[in-house]
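The next block holds one structure in the form of C-alpha coordinates; read it before the comments.
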Amino acid sequence: MLGTLCVRAFAGLVGLRTATRVQSLHSFLGITVTQIDEEVAKLLELKAQLGGDDGKHQFVLKTAKGTRDYNPKQMAIREKVFNTIIRCFKRHGAETIDTPVFELKETLTGKYGEDSKLIYDLKDQGGELLSLRYDLTVPFARYLAMNKITNIKRYHIAKVYRRDNPAMTRGRYREFYQCDFDIAGQYDAMIPDAECLKIVHEILSELDLGDFRIKVNDRRILDGMFAVCGVPDDKFRTICSTVDKLDKMAWEDVKKEMVNEKGLSEEAADQIGEYVSMQGGMDLAERLLQDQKMSQSKQACAGLSDIKLLFSYLQLFQVTDKVVFDLSLARGLDYYTGVIYEAVLTQAGVAPVATEAQRGAPAEESVSVGSVAGGGRYDGLVGMFDPKGRKVPCVGVSIGIERIFSIMEQKAEASAEKVRTTEVQVMVASAQKNLLEERLKLVTELWNAGIKAEVMYKKNPKLLSQLQHCEEAGIPLVAILGEQELKDGVVKLRVVSTREEFDIHRADLLGEIRRRTSEA
483 MLGTLCVRAF AGLVGLRTAT RVQSLHSFLG ITVTQIDEEV AKLLELKAQL GGDDGKHQFV
543 LKTAKGTRDY NPKQMAIREK VFNTIIRCFK RHGAETIDTP VFELKETLTG KYGEDSKLIY
603 DLKDQGGELL SLRYDLTVPF ARYLAMNKIT NIKRYHIAKV YRRDNPAMTR GRYREFYQCD
663 FDIAGQYDAM IPDAECLKIV HEILSELDLG DFRIKVNDRR ILDGMFAVCG VPDDKFRTIC
723 STVDKLDKMA WEDVKKEMVN EKGLSEEAAD QIGEYVSMQG GMDLAERLLQ DQKMSQSKQA
783 CAGLSDIKLL FSYLQLFQVT DKVVFDLSLA RGLDYYTGVI YEAVLTQAGV APVATEAQRG
843 APAEESVSVG SVAGGGRYDG LVGMFDPKGR KVPCVGVSIG IERIFSIMEQ KAEASAEKVR
903 TTEVQVMVAS AQKNLLEERL KLVTELWNAG IKAEVMYKKN PKLLSQLQHC EEAGIPLVAI
963 LGEQELKDGV VKLRVVSTRE EFDIHRADLL GEIRRRTSEA
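Be aware that the sequence shown starts at 483, since it is given in my numbering, and climbs by one per residue.
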(Lines of atoms letter the chains of each structure in order from A and count residues from 1; the text may use other names and numbers.)
(Lines give C-alpha, C1' and ligand atoms only; values in the text may rest on other atoms or scores of the structure.)
Protein backbone atom coordinates (compact mmCIF):
# COMPACT_ATOMS: atom_id res chain seq x y z
CA MET A 1 0.00 0.00 0.00
CA LEU A 2 2.78 2.40 1.05
CA GLY A 3 4.76 1.52 -2.09
CA THR A 4 1.78 2.35 -4.31
CA LEU A 5 1.28 5.73 -2.61
CA CYS A 6 4.98 6.54 -3.11
CA VAL A 7 4.82 5.68 -6.81
CA ARG A 8 1.72 7.87 -7.31
CA ALA A 9 3.28 10.73 -5.35
CA PHE A 10 6.51 10.57 -7.40
CA ALA A 11 4.47 10.41 -10.62
CA GLY A 12 2.72 13.64 -9.54
CA LEU A 13 6.06 15.35 -9.01
CA VAL A 14 7.54 14.48 -12.41
CA GLY A 15 6.11 17.53 -14.16
CA LEU A 16 7.53 20.05 -11.63
CA ARG A 17 10.81 21.89 -12.04
CA THR A 18 13.83 20.21 -10.35
CA ALA A 19 14.06 22.50 -7.31
CA THR A 20 10.34 22.26 -6.73
CA ARG A 21 10.52 18.45 -7.11
CA VAL A 22 13.29 18.12 -4.51
CA GLN A 23 11.44 20.44 -2.11
CA SER A 24 8.19 18.50 -2.58
CA LEU A 25 10.10 15.20 -2.09
CA HIS A 26 11.53 16.47 1.21
CA SER A 27 8.06 17.44 2.37
CA PHE A 28 6.56 14.13 1.24
CA LEU A 29 9.18 11.93 2.93
CA GLY A 30 9.59 14.16 5.98
CA ILE A 31 13.40 14.36 5.68
CA THR A 32 15.80 17.30 5.53
CA VAL A 33 18.37 18.21 2.89
CA THR A 34 21.10 17.57 5.48
CA GLN A 35 19.89 14.02 6.01
CA ILE A 36 19.91 13.40 2.27
CA ASP A 37 23.45 14.79 2.00
CA GLU A 38 24.60 12.50 4.81
CA GLU A 39 23.09 9.43 3.14
CA VAL A 40 24.59 10.41 -0.25
CA ALA A 41 28.02 10.74 1.43
CA LYS A 42 27.64 7.25 2.90
CA LEU A 43 26.71 5.83 -0.52
CA LEU A 44 29.69 7.54 -2.15
CA GLU A 45 32.01 6.11 0.51
CA LEU A 46 30.57 2.62 -0.05
CA LYS A 47 31.02 3.08 -3.81
CA ALA A 48 34.68 3.99 -3.26
CA GLN A 49 35.17 0.82 -1.20
CA LEU A 50 33.51 -1.39 -3.80
CA GLY A 51 35.27 0.17 -6.77
CA GLY A 52 35.37 3.16 -9.06
CA ASP A 53 33.21 4.18 -11.97
CA ASP A 54 34.65 1.39 -14.11
CA GLY A 55 32.26 -0.93 -12.30
CA LYS A 56 34.97 -3.29 -11.03
CA HIS A 57 34.05 -4.93 -7.74
CA GLN A 58 36.83 -4.80 -5.14
CA PHE A 59 36.90 -7.78 -2.80
CA VAL A 60 39.26 -9.51 -0.41
CA LEU A 61 41.11 -12.43 -1.99
CA LYS A 62 40.82 -15.37 0.41
CA THR A 63 39.79 -18.99 0.53
CA ALA A 64 36.39 -19.85 1.99
CA LYS A 65 36.20 -20.57 5.73
CA GLY A 66 37.43 -24.07 6.56
CA THR A 67 39.32 -24.53 3.28
CA ARG A 68 42.91 -23.95 2.19
CA ASP A 69 45.29 -23.93 -0.77
CA TYR A 70 48.33 -26.19 -0.97
CA ASN A 71 51.65 -24.99 -2.37
CA PRO A 72 54.00 -27.33 -4.30
CA LYS A 73 56.01 -28.24 -1.17
CA GLN A 74 52.85 -29.09 0.74
CA MET A 75 51.52 -31.11 -2.20
CA ALA A 76 54.78 -33.09 -2.39
CA ILE A 77 54.38 -34.10 1.28
CA ARG A 78 50.69 -34.81 0.69
CA GLU A 79 51.43 -37.00 -2.33
CA LYS A 80 53.95 -39.01 -0.31
CA VAL A 81 51.29 -39.67 2.36
CA PHE A 82 48.69 -40.66 -0.25
CA ASN A 83 51.16 -43.05 -1.93
CA THR A 84 51.97 -44.72 1.40
CA ILE A 85 48.27 -45.23 2.15
CA ILE A 86 47.40 -46.48 -1.37
CA ARG A 87 50.34 -48.92 -1.32
CA CYS A 88 49.03 -50.36 1.94
CA PHE A 89 45.46 -50.66 0.62
CA LYS A 90 46.70 -52.44 -2.53
CA ARG A 91 48.97 -54.70 -0.47
CA HIS A 92 45.81 -55.96 1.22
CA GLY A 93 44.08 -56.67 -2.10
CA ALA A 94 41.72 -53.69 -2.39
CA GLU A 95 40.32 -52.29 -5.64
CA THR A 96 39.09 -48.71 -6.02
CA ILE A 97 35.80 -47.00 -6.96
CA ASP A 98 34.51 -43.42 -7.23
CA THR A 99 31.10 -41.87 -6.45
CA PRO A 100 29.58 -38.39 -7.08
CA VAL A 101 30.59 -35.53 -4.77
CA PHE A 102 26.88 -34.84 -4.11
CA GLU A 103 24.08 -37.28 -3.34
CA LEU A 104 20.30 -37.05 -3.10
CA LYS A 105 19.55 -35.44 0.25
CA GLU A 106 17.39 -38.41 1.30
CA THR A 107 20.39 -40.74 0.76
CA LEU A 108 22.30 -38.96 3.53
CA THR A 109 19.39 -38.11 5.85
CA GLY A 110 19.13 -40.05 9.10
CA LYS A 111 22.53 -41.77 8.87
CA TYR A 112 24.72 -39.53 11.04
CA GLY A 113 22.78 -38.94 14.26
CA GLU A 114 23.39 -35.51 15.78
CA ASP A 115 26.08 -34.81 13.16
CA SER A 116 23.38 -34.56 10.46
CA LYS A 117 23.26 -30.81 11.12
CA LEU A 118 26.77 -30.60 9.60
CA ILE A 119 25.62 -31.76 6.14
CA TYR A 120 25.89 -29.15 3.38
CA ASP A 121 22.55 -28.88 1.56
CA LEU A 122 22.55 -27.50 -2.01
CA LYS A 123 19.90 -25.25 -3.54
CA ASP A 124 17.24 -27.00 -5.62
CA GLN A 125 18.75 -27.47 -9.09
CA GLY A 126 15.84 -28.62 -11.20
CA GLY A 127 13.70 -30.87 -9.06
CA GLU A 128 16.29 -32.80 -7.01
CA LEU A 129 17.19 -31.93 -3.42
CA LEU A 130 20.92 -32.58 -3.13
CA SER A 131 23.60 -32.53 -0.42
CA LEU A 132 27.39 -32.66 -0.51
CA ARG A 133 28.65 -36.01 0.77
CA TYR A 134 29.49 -36.03 4.48
CA ASP A 135 31.66 -39.15 4.30
CA LEU A 136 32.48 -41.96 1.84
CA THR A 137 30.73 -44.76 3.76
CA VAL A 138 27.08 -43.90 3.08
CA PRO A 139 27.72 -43.37 -0.69
CA PHE A 140 29.55 -46.74 -0.67
CA ALA A 141 26.51 -48.44 0.91
CA ARG A 142 24.25 -46.78 -1.67
CA TYR A 143 26.61 -47.98 -4.44
CA LEU A 144 26.47 -51.59 -3.15
CA ALA A 145 22.66 -51.61 -2.90
CA MET A 146 22.14 -49.91 -6.27
CA ASN A 147 24.48 -52.32 -8.09
CA LYS A 148 23.43 -55.41 -6.07
CA ILE A 149 27.03 -56.07 -4.99
CA THR A 150 27.41 -58.49 -2.07
CA ASN A 151 31.22 -58.93 -1.94
CA ILE A 152 33.94 -56.33 -2.49
CA LYS A 153 37.14 -55.12 -0.84
CA ARG A 154 37.51 -51.51 -1.94
CA TYR A 155 39.37 -48.31 -1.16
CA HIS A 156 38.19 -44.81 -2.02
CA ILE A 157 40.12 -41.54 -1.65
CA ALA A 158 38.06 -38.39 -2.21
CA LYS A 159 36.93 -35.08 -0.71
CA VAL A 160 34.03 -34.82 1.74
CA TYR A 161 32.29 -31.76 3.21
CA ARG A 162 31.13 -30.84 6.71
CA ARG A 163 29.62 -27.57 7.91
CA ASP A 164 31.80 -27.87 11.01
CA ASN A 165 33.48 -25.18 13.09
CA PRO A 166 36.95 -25.49 11.61
CA ALA A 167 40.11 -25.69 13.73
CA MET A 168 42.63 -25.43 10.90
CA THR A 169 45.73 -25.67 13.12
CA ARG A 170 44.54 -29.09 14.31
CA GLY A 171 43.71 -30.40 10.85
CA ARG A 172 39.93 -29.78 11.01
CA TYR A 173 38.41 -28.41 7.81
CA ARG A 174 35.06 -28.03 6.06
CA GLU A 175 36.47 -29.58 2.88
CA PHE A 176 38.87 -32.46 3.36
CA TYR A 177 39.99 -35.80 1.98
CA GLN A 178 39.04 -39.16 3.42
CA CYS A 179 40.91 -42.36 2.65
CA ASP A 180 38.55 -45.30 3.18
CA PHE A 181 39.13 -49.05 3.13
CA ASP A 182 36.09 -51.34 3.45
CA ILE A 183 35.36 -55.06 3.25
CA ALA A 184 31.78 -55.96 2.27
CA GLY A 185 30.50 -59.55 2.40
CA GLN A 186 29.45 -62.44 4.61
CA TYR A 187 32.58 -63.74 6.34
CA ASP A 188 33.52 -65.43 9.62
CA ALA A 189 33.46 -63.15 12.65
CA MET A 190 36.27 -60.68 13.32
CA ILE A 191 38.69 -61.76 10.56
CA PRO A 192 37.98 -58.74 8.28
CA ASP A 193 37.69 -56.49 11.36
CA ALA A 194 41.16 -57.52 12.53
CA GLU A 195 42.61 -56.83 9.07
CA CYS A 196 41.23 -53.26 9.17
CA LEU A 197 43.08 -52.68 12.45
CA LYS A 198 46.23 -54.21 10.97
CA ILE A 199 45.97 -51.73 8.07
CA VAL A 200 45.72 -48.76 10.47
CA HIS A 201 48.76 -50.08 12.36
CA GLU A 202 50.77 -50.46 9.14
CA ILE A 203 49.93 -46.98 7.80
CA LEU A 204 50.62 -45.09 11.05
CA SER A 205 53.86 -47.04 11.59
CA GLU A 206 55.09 -46.44 8.04
CA LEU A 207 54.30 -42.71 8.16
CA ASP A 208 56.36 -42.49 11.37
CA LEU A 209 54.09 -39.92 13.01
CA GLY A 210 55.03 -40.85 16.57
CA ASP A 211 53.44 -43.05 19.21
CA PHE A 212 49.78 -43.97 18.69
CA ARG A 213 47.01 -46.01 20.25
CA ILE A 214 44.11 -47.77 18.54
CA LYS A 215 41.05 -47.78 20.80
CA VAL A 216 38.53 -50.59 20.28
CA ASN A 217 34.97 -51.05 21.54
CA ASP A 218 31.68 -52.53 20.29
CA ARG A 219 28.31 -50.83 19.82
CA ARG A 220 26.59 -53.90 21.30
CA ILE A 221 28.69 -53.53 24.46
CA LEU A 222 27.73 -49.84 24.67
CA ASP A 223 24.02 -50.56 24.15
CA GLY A 224 24.14 -53.39 26.70
CA MET A 225 25.94 -51.10 29.15
CA PHE A 226 23.33 -48.35 28.67
CA ALA A 227 20.54 -50.87 29.23
CA VAL A 228 21.95 -52.30 32.48
CA CYS A 229 22.71 -48.78 33.74
CA GLY A 230 19.08 -47.77 33.30
CA VAL A 231 19.20 -45.64 30.16
CA PRO A 232 15.76 -45.63 28.40
CA ASP A 233 15.81 -47.24 24.92
CA ASP A 234 14.87 -44.00 23.20
CA LYS A 235 17.91 -42.23 24.70
CA PHE A 236 20.57 -44.79 23.61
CA ARG A 237 21.72 -42.89 20.51
CA THR A 238 21.72 -39.44 22.10
CA ILE A 239 23.61 -40.67 25.19
CA CYS A 240 26.03 -42.47 22.86
CA SER A 241 26.73 -39.13 21.13
CA THR A 242 27.48 -37.56 24.52
CA VAL A 243 29.83 -40.39 25.57
CA ASP A 244 31.62 -39.85 22.23
CA LYS A 245 32.73 -36.42 23.55
CA LEU A 246 34.89 -37.94 26.32
CA ASP A 247 38.03 -37.49 24.21
CA LYS A 248 37.36 -33.72 24.15
CA MET A 249 35.59 -33.09 27.51
CA ALA A 250 36.12 -34.07 31.14
CA TRP A 251 33.78 -36.69 32.61
CA GLU A 252 32.10 -34.09 34.83
CA ASP A 253 31.11 -32.02 31.76
CA VAL A 254 29.90 -35.13 29.92
CA LYS A 255 27.85 -36.16 32.94
CA LYS A 256 26.38 -32.65 33.19
CA GLU A 257 25.26 -32.86 29.55
CA MET A 258 23.70 -36.29 30.12
CA VAL A 259 21.75 -35.16 33.18
CA ASN A 260 20.91 -31.51 32.44
CA GLU A 261 20.49 -31.56 28.65
CA LYS A 262 19.60 -35.18 27.85
CA GLY A 263 17.40 -35.78 30.92
CA LEU A 264 19.24 -38.88 32.22
CA SER A 265 19.06 -39.68 35.92
CA GLU A 266 22.19 -38.94 37.96
CA GLU A 267 22.30 -42.54 39.20
CA ALA A 268 22.36 -43.91 35.61
CA ALA A 269 25.06 -41.39 34.63
CA ASP A 270 27.25 -42.43 37.60
CA GLN A 271 26.95 -46.11 36.64
CA ILE A 272 27.95 -45.28 33.06
CA GLY A 273 30.90 -43.31 34.48
CA GLU A 274 32.22 -46.43 36.25
CA TYR A 275 32.26 -48.44 33.03
CA VAL A 276 33.60 -45.82 30.60
CA SER A 277 36.70 -45.36 32.75
CA MET A 278 37.76 -48.97 32.05
CA GLN A 279 40.59 -49.82 29.63
CA GLY A 280 42.47 -53.03 28.94
CA GLY A 281 42.77 -55.93 26.53
CA MET A 282 41.40 -59.45 26.26
CA ASP A 283 41.58 -59.69 30.07
CA LEU A 284 39.09 -56.81 30.44
CA ALA A 285 36.65 -58.52 28.05
CA GLU A 286 36.88 -61.72 30.12
CA ARG A 287 36.34 -59.75 33.35
CA LEU A 288 33.27 -57.95 31.98
CA LEU A 289 31.76 -61.28 30.83
CA GLN A 290 31.75 -62.20 34.54
CA ASP A 291 30.45 -58.76 35.62
CA GLN A 292 27.18 -59.03 37.54
CA LYS A 293 25.42 -56.33 35.51
CA MET A 294 26.98 -56.72 32.06
CA SER A 295 26.46 -60.48 32.03
CA GLN A 296 22.68 -59.80 32.16
CA SER A 297 22.79 -58.29 28.65
CA LYS A 298 22.90 -60.77 25.74
CA GLN A 299 23.94 -57.91 23.45
CA ALA A 300 26.89 -56.96 25.64
CA CYS A 301 27.99 -60.60 26.03
CA ALA A 302 27.95 -61.11 22.24
CA GLY A 303 30.07 -57.98 21.81
CA LEU A 304 32.50 -58.99 24.56
CA SER A 305 32.93 -62.48 23.04
CA ASP A 306 33.76 -60.88 19.68
CA ILE A 307 36.26 -58.51 21.34
CA LYS A 308 38.03 -61.57 22.80
CA LEU A 309 38.09 -63.22 19.36
CA LEU A 310 39.32 -59.96 17.79
CA PHE A 311 42.26 -59.75 20.20
CA SER A 312 43.24 -63.35 19.43
CA TYR A 313 43.54 -62.44 15.73
CA LEU A 314 45.33 -59.17 16.53
CA GLN A 315 47.94 -61.21 18.41
CA LEU A 316 48.54 -63.25 15.24
CA PHE A 317 48.79 -59.98 13.24
CA GLN A 318 51.33 -58.73 15.84
CA VAL A 319 49.56 -55.43 16.57
CA THR A 320 48.28 -55.86 20.15
CA ASP A 321 51.06 -53.57 21.45
CA LYS A 322 49.12 -50.56 20.10
CA VAL A 323 45.50 -51.72 20.59
CA VAL A 324 43.47 -51.05 23.74
CA PHE A 325 39.90 -52.09 24.61
CA ASP A 326 38.38 -48.78 25.78
CA LEU A 327 34.78 -48.62 26.99
CA SER A 328 34.65 -44.83 26.57
CA LEU A 329 34.94 -45.12 22.78
CA ALA A 330 31.50 -44.48 21.27
CA ARG A 331 31.80 -42.98 17.75
CA GLY A 332 28.61 -40.95 17.32
CA LEU A 333 27.54 -42.16 13.88
CA ASP A 334 24.22 -44.00 13.91
CA TYR A 335 25.07 -46.68 11.37
CA TYR A 336 27.62 -48.67 13.42
CA THR A 337 26.34 -52.06 14.62
CA GLY A 338 29.36 -53.93 16.02
CA VAL A 339 33.08 -53.37 16.56
CA ILE A 340 34.21 -49.72 16.45
CA TYR A 341 37.75 -48.33 16.60
CA GLU A 342 39.68 -45.10 16.55
CA ALA A 343 43.41 -44.34 16.29
CA VAL A 344 44.84 -41.42 18.28
CA LEU A 345 48.36 -40.00 18.28
CA THR A 346 49.75 -39.80 21.80
CA GLN A 347 53.33 -38.59 21.43
CA ALA A 348 53.99 -35.15 22.93
CA GLY A 349 55.29 -32.52 20.57
CA VAL A 350 53.82 -33.81 17.32
CA ALA A 351 50.49 -32.01 17.57
CA PRO A 352 50.14 -28.68 15.76
CA VAL A 353 49.64 -25.43 17.68
CA ALA A 354 48.06 -26.15 21.07
CA THR A 355 44.59 -24.90 21.86
CA GLU A 356 43.96 -22.46 24.71
CA ALA A 357 42.95 -25.36 26.95
CA GLN A 358 46.12 -27.30 26.10
CA ARG A 359 48.49 -24.40 26.68
CA GLY A 360 47.94 -24.66 30.43
CA ALA A 361 48.63 -28.41 30.47
CA PRO A 362 51.74 -29.76 32.25
CA ALA A 363 54.79 -30.08 30.00
CA GLU A 364 55.08 -33.85 30.45
CA GLU A 365 51.48 -34.45 29.38
CA SER A 366 50.92 -35.81 25.86
CA VAL A 367 49.18 -33.39 23.55
CA SER A 368 46.82 -35.24 21.22
CA VAL A 369 46.01 -34.02 17.71
CA GLY A 370 42.79 -36.01 17.93
CA SER A 371 41.65 -39.02 15.99
CA VAL A 372 43.73 -39.82 12.89
CA ALA A 373 41.73 -42.90 11.84
CA GLY A 374 38.41 -44.44 12.74
CA GLY A 375 35.88 -46.98 11.62
CA GLY A 376 33.85 -50.00 12.54
CA ARG A 377 31.24 -52.54 11.50
CA TYR A 378 28.00 -51.40 9.86
CA ASP A 379 25.97 -54.46 8.92
CA GLY A 380 22.63 -52.68 8.44
CA LEU A 381 23.54 -49.66 6.30
CA VAL A 382 23.30 -51.31 2.85
CA GLY A 383 19.91 -52.78 3.80
CA MET A 384 18.57 -49.23 4.35
CA PHE A 385 18.97 -48.62 0.60
CA ASP A 386 17.86 -52.04 -0.68
CA PRO A 387 14.14 -52.17 -1.68
CA LYS A 388 13.81 -55.59 -0.03
CA GLY A 389 16.00 -54.68 2.95
CA ARG A 390 18.69 -57.22 2.03
CA LYS A 391 21.71 -56.71 4.27
CA VAL A 392 25.35 -56.80 3.22
CA PRO A 393 27.67 -56.99 6.26
CA CYS A 394 30.44 -54.37 6.03
CA VAL A 395 33.44 -53.27 8.07
CA GLY A 396 35.86 -50.49 7.24
CA VAL A 397 38.25 -47.80 8.32
CA SER A 398 38.79 -44.16 7.33
CA ILE A 399 42.23 -42.56 7.55
CA GLY A 400 42.13 -38.89 8.65
CA ILE A 401 44.50 -37.60 6.02
CA GLU A 402 44.19 -33.89 6.88
CA ARG A 403 45.27 -34.32 10.48
CA ILE A 404 48.10 -36.60 9.41
CA PHE A 405 49.14 -34.04 6.83
CA SER A 406 49.16 -31.24 9.44
CA ILE A 407 51.68 -33.23 11.47
CA MET A 408 53.82 -34.20 8.46
CA GLU A 409 53.92 -30.57 7.36
CA GLN A 410 54.99 -29.43 10.82
CA LYS A 411 57.72 -32.09 10.93
CA ALA A 412 59.00 -31.01 7.51
CA GLU A 413 59.14 -27.37 8.67
CA ALA A 414 61.06 -28.38 11.81
CA SER A 415 63.63 -30.50 9.96
CA ALA A 416 66.37 -29.15 7.71
CA GLU A 417 65.57 -31.77 5.06
CA LYS A 418 64.72 -30.23 1.67
CA VAL A 419 61.39 -31.30 0.20
CA ARG A 420 61.54 -31.82 -3.56
CA THR A 421 58.50 -30.56 -5.43
CA THR A 422 59.36 -32.11 -8.82
CA GLU A 423 60.74 -35.49 -9.89
CA VAL A 424 63.09 -34.20 -12.61
CA GLN A 425 66.11 -36.51 -12.88
CA VAL A 426 68.29 -34.53 -15.25
CA MET A 427 68.62 -30.96 -16.55
CA VAL A 428 69.80 -30.55 -20.13
CA ALA A 429 72.15 -27.53 -20.10
CA SER A 430 74.53 -25.80 -22.52
CA ALA A 431 77.94 -24.31 -21.85
CA GLN A 432 77.98 -21.97 -24.86
CA LYS A 433 75.60 -19.90 -26.97
CA ASN A 434 73.58 -21.07 -29.99
CA LEU A 435 72.99 -24.61 -28.73
CA LEU A 436 69.20 -24.43 -28.20
CA GLU A 437 68.48 -26.91 -31.03
CA GLU A 438 70.94 -29.45 -29.61
CA ARG A 439 69.46 -29.08 -26.12
CA LEU A 440 65.92 -29.63 -27.46
CA LYS A 441 67.06 -32.70 -29.44
CA LEU A 442 68.67 -34.22 -26.35
CA VAL A 443 65.76 -33.49 -24.00
CA THR A 444 63.36 -35.05 -26.56
CA GLU A 445 65.56 -38.17 -26.62
CA LEU A 446 65.36 -38.34 -22.81
CA TRP A 447 61.58 -37.78 -22.69
CA ASN A 448 61.02 -40.46 -25.35
CA ALA A 449 63.03 -42.88 -23.19
CA GLY A 450 60.82 -42.14 -20.17
CA ILE A 451 63.43 -40.09 -18.31
CA LYS A 452 62.18 -37.04 -16.37
CA ALA A 453 64.08 -34.09 -17.79
CA GLU A 454 63.79 -30.36 -18.43
CA VAL A 455 65.52 -27.44 -20.16
CA MET A 456 65.56 -23.70 -19.52
CA TYR A 457 63.21 -21.71 -21.74
CA LYS A 458 65.94 -19.36 -23.02
CA LYS A 459 67.94 -19.48 -26.22
CA ASN A 460 71.27 -18.73 -24.53
CA PRO A 461 71.01 -19.28 -20.76
CA LYS A 462 74.11 -18.81 -18.61
CA LEU A 463 75.60 -22.09 -17.39
CA LEU A 464 75.75 -20.78 -13.83
CA SER A 465 72.00 -20.00 -13.87
CA GLN A 466 71.25 -23.53 -15.08
CA LEU A 467 73.40 -25.13 -12.38
CA GLN A 468 71.89 -22.93 -9.66
CA HIS A 469 68.39 -23.99 -10.77
CA CYS A 470 69.41 -27.65 -10.35
CA GLU A 471 70.70 -27.05 -6.82
CA GLU A 472 67.56 -25.12 -5.80
CA ALA A 473 65.16 -27.69 -7.30
CA GLY A 474 67.12 -30.73 -6.07
CA ILE A 475 67.72 -32.06 -9.62
CA PRO A 476 70.47 -34.69 -9.19
CA LEU A 477 72.11 -34.65 -12.65
CA VAL A 478 72.99 -32.13 -15.37
CA ALA A 479 73.68 -33.19 -18.98
CA ILE A 480 75.93 -30.40 -20.33
CA LEU A 481 76.38 -29.83 -24.05
CA GLY A 482 79.23 -27.78 -25.55
CA GLU A 483 80.82 -27.44 -28.97
CA GLN A 484 83.67 -29.76 -28.01
CA GLU A 485 81.30 -32.38 -26.56
CA LEU A 486 79.26 -32.35 -29.78
CA LYS A 487 82.44 -32.88 -31.87
CA ASP A 488 83.54 -35.77 -29.62
CA GLY A 489 80.07 -37.39 -29.51
CA VAL A 490 79.86 -37.17 -25.72
CA VAL A 491 77.78 -35.44 -23.07
CA LYS A 492 79.31 -34.05 -19.89
CA LEU A 493 77.27 -35.53 -17.02
CA ARG A 494 77.54 -33.51 -13.79
CA VAL A 495 76.50 -34.87 -10.37
CA VAL A 496 74.99 -31.84 -8.65
CA SER A 497 75.60 -32.95 -5.05
CA THR A 498 79.34 -33.69 -5.48
CA ARG A 499 80.01 -31.43 -8.53
CA GLU A 500 81.85 -34.33 -10.18
CA GLU A 501 81.75 -34.39 -14.00
CA PHE A 502 82.10 -37.34 -16.41
CA ASP A 503 82.24 -37.51 -20.22
CA ILE A 504 79.66 -40.10 -21.29
CA HIS A 505 79.30 -41.37 -24.86
CA ARG A 506 75.95 -40.33 -26.32
CA ALA A 507 74.94 -43.99 -26.85
CA ASP A 508 75.60 -44.78 -23.17
CA LEU A 509 73.88 -41.70 -21.73
CA LEU A 510 70.43 -43.22 -21.11
CA GLY A 511 71.87 -46.22 -19.27
CA GLU A 512 74.17 -44.03 -17.16
CA ILE A 513 71.33 -41.70 -16.12
CA ARG A 514 69.11 -44.66 -15.20
CA ARG A 515 71.94 -46.27 -13.20
CA ARG A 516 72.73 -43.11 -11.25
CA THR A 517 69.11 -42.13 -10.53
CA SER A 518 68.20 -45.66 -9.35
CA GLU A 519 71.09 -45.53 -6.86
CA ALA A 520 69.94 -42.17 -5.46
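Every residue gets a Cβ at the ideal spot worked out from N, C-alpha and C, and that includes glycine. This one's a predicted model, so the numbers in the text were calculated from it and none came from an experiment.
The residue among Q607, V806, L992, Y594 with its C-alpha nearest the C-alpha of N930 is L992.
The beta-bridge partner set that DSSP reports for K680 is empty. Excluding five sequence positions before and after I721, the CB atoms of its chain that fall closer than 7 Å to its own CB belong to F708, V713, M740, K744, L746, given in chain order. Less than 8 Å separates the beta-carbon of L686 from that of F694. At least 8 Å separates the beta-carbon of F793 from that of M760. Taking V937 as the centre and dropping the five residues before and after it, the same chain places the C-beta of V910, R921, V925 closer than 6 Å to its C-beta, in chain order. In the DSSP assignment, Y939 falls outside any beta strand (DSSP E), carrying neither H nor E. Annotation: the continuous alpha helix (DSSP H) that includes H951 extends over 945-955. The three-state reading of DSSP puts D603 in strand, counting E and B together. I886 carries a helical assignment under DSSP once its states are collapsed to helix, strand and coil. Considering only E684, Q950, S613, C783, the residue with the shortest C-alpha distance to C570 is E684. Secondary-structure assignment with DSSP links E657 through a beta bridge to Y643.
According to DSSP, T578 shares a beta bridge with Y637.
K780 sits exposed, since fewer than 16 C-beta atoms from the chains shown fall within 10 Å of its C-beta. For the beta strand (DSSP E) assignment, the segment 716-765 encloses no uninterrupted run of at least 3 residues.
Your pair I681 and V879 checks out as a contact, with CB atoms roughly 6 Å apart and the cut at 8 Å. With 16 or more other Cβ atoms from the protein chains shown falling within 10 Å of its own Cβ, F887 counts as buried. DSSP places D985 inside the beta strand (DSSP E), whose first and last residues are 982-987.
Taking a 10 Å sphere around the C-beta of D700, we find 16 or more other C-beta atoms and assign the residue as buried. Distance from the CA of N629 to the CA of Y637, rounded to the nearest whole angstrom, comes to 17 Å. Contact between the segment 553-573 and the segment 614-624 is absent: fewer than 3 CB-CB pairs across the two stretches fall below 8 Å.
T904 and A955 have their C-alpha atoms some 7 Å from each other. The three-state reading of DSSP puts I933 in coil, since its state is none of H, G, I, E or B.
Here the C-alpha atom of D970 lies approximately 45 Å from the C-alpha atom of T566.
Judged by DSSP secondary structure, E585 falls outside any alpha helix (DSSP H) and instead within the beta strand (DSSP E) spanning 584-586. In this structure the segment 600-609 does not touch the segment 858-875; the number of beta carbon pairs closer than 8 Å is below three.
Of the other Cβ atoms in all chains shown, fewer than 16 fall within 10 Å of the Cβ of E588; this residue is therefore exposed. Residue environment analysis places E884 among the buried positions, since at least 16 neighbouring C-beta atoms fall within 10 angstroms of its C-beta.
Less than 8 Å divides the Cβ of C952 from the Cβ of V978. When secondary structure is reduced to three states using DSSP, S979 falls in the coil class, being assigned neither helix nor strand. Closest in alpha carbon position to R573, among F663, I822, G609, E596, is F663.
V854 sits away from G871, with the two beta carbons spaced by 8 Å or more. With 16 or more other CB atoms across the displayed protein chains lying within 10 angstroms of its CB, F622 is buried. Distance from the CA of L928 to the CA of I568, rounded to the nearest whole angstrom, comes to 29 Å. Rounded to the nearest angstrom, the gap between the Cα atoms of Y655 and K900 is 27 Å. At the C-beta level, V826 and K697 come within 8 Å of one another.
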